[in-house]
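Sequence order for the protein chains is U and F. When we follow our numbering, the leftmost residue of the first sequence carries the number 319, and every step to the right adds one. When we follow our numbering, the leftmost residue of the second sequence carries the number 168, and every step to the right adds one.
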Amino acid sequence: MAERPPGERVRDFSEVDTGLSSGEAIAEAERCLQCRKPSCVKGCPVEIDIPAFVALIAAGDFAGAARVVKESNLLPAVCGRVCPQEVQCEGQCVLGVRESPVRIGELERFAADYERAHGILLPTRAEPTGKRVAVVGSGPAGLTAAAELARLGHTVILFESLHEPGGVLAYGIPGFRLPKEVVRAEIDQLRGMGVSILTNHLVGTSVPVSELLSFDAVFLGTGAGLPHFMGIPGENLSGVYSANEFLTRVNLMHADCFPEFDTPVRRAGRVVVVGGGNVAMDAARVARRLGARTTLVYRRRRKDLPARRVEVARAEEEGVDFVFCANPVRILGDQCVTGVECESMEVSGIGGSKRPEPVPVEGSRFVIEADMCIQAIGQGPNPLLVRMLPGIERGERGNVIADAEGRTSLENVFAAGDVATGAATVILAMGGAKRAARAMDRMLRGC
Amino acid sequence: MTLRFSRQGEDGILGYRIMEARQLAERIYQVWVEAPRVARNARAGQFLVLRIDEKGERIPLTISAVDGDSVRLVFMAVGKTTLQLSTLCPGDEIMDVAGPLGRPSEIRYFGHCVIVGGGAGIACCPIIARAARAAGNRVTGIIGARSANFLILEDEMGEACDELFVATDDGTRGHHGFAADLLKQVIARERPDRVWIIGPAIMMKVTSEVTRPDGIPTLVSLNPIMVDGTGMCGSCRVVVGGETRFACVDGPEFDAHRVDFDVLMARQRTYTGEEKLALERFSAHRCRCGGSESHG
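Put into structure tokens, the structure is as follows:
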């Protein structure tokens, strides 16, 4: 695995990590102990047969390895790159106790990239069932459900409201972490499996709810795309962005290539990013690539950052400044942003929630000069369609209430991913979607 | 198997065809675009988002009329995208059209409705006027423009409304002055039960002051910068009654007397420099290619 030097990569949107060579992959795979009761598999939300695919890599059968991975996960090139393996498969690896765990994520990515370069093999489809299924949203949950349902023989229509499928994989995660051609290639597999992907289709308006409910089954994978704002003064000044807007402008609309592409984004000299999750890291690193001096403000301590450690490290290498234990209270400016007023926070012990509760320190206000502020403090479930579904049971945060197999209070309507769980990770959405797709299949077959 | 869905939007195989295109007035154009799903489901007050090509920007435009599988868009060619749109001819295709978006106008029986349109904003008025009239309301139309050569859809508004008044800033057509003056006169004659004001932000700001003293329920249709148009980016946030709302999903229509127009206008100016650059670049390119000015 080769990480491009920070000074080089901060000037472009190409991938940071160039992946393992065949030799490195084999050597890494040979470290695997091939445990008889592999704990890594238990750590995987989609239960990939990890020892089996790692053994095939060790034996030099890379295509075979990809085949094994794809029995459980149709988006391995995505997951190999963006899964938080350190708390999943690799976190469970017994080698991790004494040395470092097998780099399962890197190996998954290696197998997937190998397959993409050498010809993707589509999964075989079961006999057509004649059942029609609507999948709403083409993010990780929707793609997974669509693939699984198509494989099981159902006719799948996948609706996407944006002009490009992929959901957060397309608009949210930047190319330096997940190249868009990787996403496109994985989505092309769905087309190859006969899934119809209809972009520009906003279910609820361009596709009325009555039409949606006329399908034999419906899967809701509408995600958590509703950006939260802090609710502080100055938030509507020109130059204040949600991370969603900032990332969408760059990742989906290519604002980094303005004026070659028509969509602009502010070219700020100094940017403040608020938040400590992966989205905040993505926004800060994109801001750096647009040439801004970038400060990330997080209200808790470094060790409390919810972002993946590798993303934090890369952000720091790329020159993002971190201000910990601070929280914006006001955004300064007349019409445009001129600064962000923050106050220091004291983080002590464990509060009511599981995370430590930050408390403002009196008289500790300070100003960070900035001409742009990006709020990356989280997203809520997309309310649009859910609000329109008569009688669907919803949680306090607007999420759809669904059981472990995705069943909602409406017959024939299933949901998984962020719309059900609230904002989480790509792989958790995929795990939930896979279970829901199987439950849908059982329902459609009447068993 | 044959799908009963339009394959539009799928894999970019099919774009959205321009059925008719023409210039309505100075810098104001109309195009009819074939977009069956939008046409079938659109209601008065809603908008769509379009992207002309691979490198295009997503811009919102109000659905001005519907006929069969097509929708009419009326726009002023002020920026790169609208200028490019004004050069398209029947048979050309737009890559992406998504809609209908936003909440429809609230239309029911109110009694007497006044619909005030300014500039290109007049484009949004006939569809609301017709819907209001269909709900049993008596509808007064007021349309205003800088000058007669900027005035659009006068005949159509005349037909859609029970009565129509016209104003131009320079007096070249109708009342010499602003639409707001005419609105004052209508109010002096009889208090309306509901007023819509649709036009440039500054026109909506000024005109809605006319109905404030008497507390006449007044709606404005806001036009902030949008990206997705489905509530996912927050670019279009506006302040209404001190609260932040998203124009794309909570609007576009809001209570005129509670809207903070200064925030709206400041946010609309976010990309002034970039817009100018894009326009210059496009104009220079068109000159080199010998693009025609309009279809006339």
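Yeah, the Cβ is synthetic: ideal placement off N, Cα and C, and Gly gets one too.
Query raised in the report: Taking only beta-carbon atoms, is M758 of chain U less than 8 Å away from chain F?
Result: As a working note, residue 758 of chain U is residue 440 in the first sequence. No, because no Cβ of chain F sits closer than 8 Å to the Cβ of M758 of chain U.
Report task. For G458 of chain F, collect the residues of the same chain with a Cβ closer than 7 Å to its Cβ; drop the 5 residues on either side in sequence, then sort them by chain order. Result -> For the purposes of this step, residue 458 of chain F is taken as the residue at position 291 of the second sequence. Only weak support is given to the placement of G458 of chain F: the predicted model assigns it a pLDDT of 49, under 50, and the value that follows is read from those uncertain coordinates. Counting only Cβ-Cβ distances below 7 Å, and skipping sequence neighbours, we find T254.
Query - Integer-rounded CB distance, given that E563 of chain U should sit under 8 Å from G311 of chain F - result: If you number the second sequence from 1, residue 311 of chain F lands on position 144. If you number the first sequence from 1, residue 563 of chain U lands on position 245. Not a contact, Cβ separation roughly 34 Å.
Query raised in the report: Since F564 of chain U is in the alpha helix (DSSP H), which residue starts that stretch and which ends it?
Result: Within the first sequence, numbered from 1, the residue matching residue 564 of chain U stands at position 246. DSSP places F564 of chain U inside the alpha helix (DSSP H), whose first and last residues are 561-565.
Requested in this report: Out of U:T442, U:P551, U:V568, state which residue places its alpha-carbon closest to the alpha-carbon of Q507 of chain U.
Outcome: For this step, residue 507 of chain U is matched to residue 189 along the first sequence. Among U:T442, U:P551, U:V568, the Cα nearest to that of Q507 of chain U is on U:T442.
**Report entry** Where S375 of chain F falls: helix, strand or coil (DSSP)
**Finding:** Within the second sequence, numbered from 1, the residue matching residue 375 of chain F stands at position 208. DSSP, read as helix, strand or coil, puts S375 of chain F in helix.
Query raised in the report: Over what stretch of residues does the beta strand (DSSP E) that includes S388 of chain F continue unbroken?
Result: For the purposes of this step, residue 388 of chain F is taken as residue 221 along the second sequence, with counting starting at 1. Residues 385-388.
Query raised in the report: Considering only residues of the same chain and omitting the five flanking positions on each side of F331 of chain U, which have a CB-CB separation below 7 Å?
Result: Translated into positions along the first sequence, residue 331 of chain U becomes position 13. Close CB contacts of F331 of chain U within its chain, under the 7 Å cut and outside five residues either way in sequence, are with P492, G493, F494, D574, R607 (chain order).
**Report entry** Selection of the region 399-425 of chain F by Cβ proximity to chain U, strictly under 7 Å
**Finding:** Going along the region 399-425 of chain F in chain order, one finds M399, C400, G401, S402, R404, V406, T411, V416 with a Cβ nearer than 7 Å to chain U.
Query - Backbone CA spacing between V405 of chain F and V205 of chain F [nearest angstrom] - result: Translated into positions along the second sequence, residue 405 of chain F becomes position 238. Translated into positions along the second sequence, residue 205 of chain F becomes position 38. Going from the Cα of V405 of chain F to the Cα of V205 of chain F covers about 25 Å.
Query raised in the report: Between the C-alpha atoms of L250 of chain F and A244 of chain F, what's the straight-line distance to the nearest angstrom?
Result: Walking along the second sequence from the start, residue 250 of chain F turns up at place 83. Walking along the second sequence from the start, residue 244 of chain F turns up at place 77. Take the alpha-carbon of L250 of chain F and the one of A244 of chain F: they are about 5 Å apart.
Query raised in the report: At a Cβ threshold of 8 Å, is D236 of chain F touching chain A?
Result: Structure shown: chain A not included; protein chains present are U and F.
Query raised in the report: Is the Cβ-Cβ distance between M758 of chain U and V527 of chain U less than 8 Å?
Result: Start at 1 with the first residue of the first sequence, and residue 758 of chain U comes out as number 440. Start at 1 with the first residue of the first sequence, and residue 527 of chain U comes out as number 209. In this structure, V527 of chain U does not lie closer than 8 Å to M758 of chain U by Cβ.
**Report entry** Start and end residues, beta strand (DSSP E) containing M399 of chain F
**Finding:** In the second sequence, counting from the first residue as 1, residue 399 of chain F sits at position 232. In the DSSP assignment, M399 of chain F falls outside any beta strand (DSSP E), carrying neither H nor E.
Query raised in the report: In terms of DSSP beta bridges, what is E326 of chain U paired with?
Result: As a working mapping, residue 326 of chain U is identified with position 8 in the first sequence. The beta-bridge partner set that DSSP reports for E326 of chain U is empty.
**Report entry** Span of the beta strand (DSSP E) around P483 of chain U
**Finding:** Stepping through the first sequence from its first residue, residue 483 of chain U is reached at position 165. No beta strand (DSSP E) contains P483 of chain U, which DSSP labels as neither H nor E.
Query raised in the report: Going by beta carbon distance, what residues of the same chain come within less than 6 Å of M154 of chain F, once the five residues before and after it are set aside?
Result: The question about residue 154 of chain F has no answer, for chain F in this structure spans 168 to 463.
Query raised in the report: DSSP three-state call for P540 of chain U: helix, strand or coil?
Result: By one-based count along the first sequence, residue 540 of chain U stands at place 222. With the sequence shown as reference, residue 540 of chain U is identified as Thr, and Pro is not the correct amino acid for it. Of the three classes helix, strand and coil, the one that applies to T540 of chain U here is coil, per DSSP.
**Report entry** Other residues of its chain near E460 of chain F: CB distance less than 7 Å, five sequence neighbours each side excluded
**Finding:** Here residue 460 of chain F refers to the residue found at position 293 of the second sequence. Caution is warranted here: a pLDDT of 46 is assigned to E460 of chain F, below 50, making its placement in the model unreliable, and the coordinate value is therefore given only provisionally. Hits under 7 Å: none found.
Query raised in the report: Can you name the residues of chain U whose CB is closer than 7 Å to the CB of Y438 of chain F?
Result: If you number the second sequence from 1, residue 438 of chain F lands on position 271. Going along chain U in sequence order, the residues near Y438 of chain F (Cβ under 7 Å) are P582.
Query - Test item: CB-CB of A347 of chain F and T374 of chain F under 8 Å - result: The residue given as residue 347 of chain F occupies position 180 in the second sequence. The residue given as residue 374 of chain F occupies position 207 in the second sequence. In contact: A347 of chain F and T374 of chain F (Cβ atoms closer than 8 Å).
**Report entry** Counterpart residues of C362 of chain U in DSSP-defined beta bridges
**Finding:** Here the question's residue 362 of chain U lines up with position 44 in the first sequence. According to DSSP, which records beta bridges pairwise, C362 of chain U is partnered with nothing at all.
Query raised in the report: According to the neighbour-count rule (16 or more other Cβ atoms, all chains shown, within 10 Å of its Cβ), is F537 of chain U buried or exposed?
Result: Here residue 537 of chain U is taken as the residue at index 219 of the first sequence, counted from 1. Around the C-beta of F537 of chain U, 16 or more other C-beta atoms lie within 10 Å, and the residue is accordingly described as buried.
Query raised in the report: Taking one C-beta from the region 532-546 of chain U and one from the region 633-643 of chain U each time, how about it: are there three or more such pairs within less than 8 Å?
Result: The region 532-546 of chain U vs the region 633-643 of chain U: no contact.
Query raised in the report: Taking Cβ positions, are R184 of chain F and E260 of chain F nearer each other than 8 Å?
Result: Along the second sequence, one-based indexing puts residue 184 of chain F at 17. Along the second sequence, one-based indexing puts residue 260 of chain F at 93. For R184 of chain F and E260 of chain F, yes; Cβs fall inside 8 Å.
Query raised in the report: Rounded C-beta distance between V583 of chain U and A694 of chain U? I'm assuming under 8 Å.
Result: Taking the first residue of the first sequence as position 1, residue 583 of chain U is located at position 265. Taking the first residue of the first sequence as position 1, residue 694 of chain U is located at position 376. Taking a contact as a CB-CB distance under 8 Å, the pair V583 of chain U and A694 of chain U does not count as one, their CB atoms being some 15 Å apart.
Query raised in the report: Would a C-beta distance cut-off of 8 Å place V589 of chain U and I692 of chain U closer than the cut-off?
Result: Start at 1 with the first residue of the first sequence, and residue 589 of chain U comes out as number 271. Start at 1 with the first residue of the first sequence, and residue 692 of chain U comes out as number 374. Result yes, Cβ atoms of V589 of chain U and I692 of chain U sit closer than 8 Å.
Query raised in the report: Which word fits G406 of chain U, buried or exposed, when buried means at least 16 other C-beta atoms lie within 10 angstroms of its C-beta?
Result: Residue numbering aside, residue 406 of chain U sits at position 88 when the first sequence is read from its first letter. What sits at residue 406 of chain U in the sequence shown is Gln, not Gly. Its Cβ being crowded by 16 or more others within 10 Å, Q406 of chain U is buried.
Requested in this report: Have a look at T335 of chain F and I319 of chain F and give me their C-alpha separation to the nearest angstrom.
Outcome: Working through the second sequence from its first residue, we reach residue 335 of chain F at position 168. Working through the second sequence from its first residue, we reach residue 319 of chain F at position 152. The alpha-carbon atoms of T335 of chain F and I319 of chain F are separated by roughly 12 Å.
Report task. Mind checking who F242 of chain F pairs with in its DSSP beta bridge? Result -> Against the second sequence, residue 242 of chain F aligns to sequence position 75. According to DSSP, F242 of chain F bridges with F:Y196.
Query raised in the report: Roughly how many whole angstroms lie between the Cα atoms of A423 of chain F and V387 of chain F?
Result: Position 256 of the second sequence, counted from the start, is the residue given in the question as residue 423 of chain F. Position 220 of the second sequence, counted from the start, is the residue given in the question as residue 387 of chain F. So the two alpha carbons sit approximately 5 Å from each other.
Query raised in the report: Going by Cα to Cα distance, which pick from F:V407, F:G366, F:M370, F:V430 is closest to V241 of chain F?
Result: As a position in the second sequence, residue 241 of chain F is number 74, starting the count at 1. With distances taken between Cα atoms, V241 of chain F lies closest to F:G366.
Query raised in the report: Quick one: does M571 of chain U have its CB under 8 Å from some CB of chain F?
Result: Counting from one through the first sequence, the residue named residue 571 of chain U turns up at place 253. At a cut-off of 8 Å between C-beta atoms, M571 of chain U counts as an interface residue with respect to chain F.
Requested in this report: Give every residue of the same chain whose Cβ lies closer than 6 Å to the Cβ of C350 of chain U, excluding the five residues on either side of it in the sequence, and list them in chain order.
Outcome: Working through the first sequence from its first residue, we reach residue 350 of chain U at position 32. Excluding residues within five positions, the ones whose Cβ falls inside 6 Å are V372, V420.
Query raised in the report: Are there three or more Cβ pairs, one per stretch, closer than 8 Å when the region 471-487 of chain U is compared with the region 379-387 of chain U?
Result: Segments in contact, no.
Query raised in the report: For A312 of chain F, which of helix, strand or coil comes out of DSSP?
Result: Numbered from 1 along the second sequence, position 145 holds the residue referred to as residue 312 of chain F. Secondary structure of A312 of chain F (DSSP, three-state): strand.
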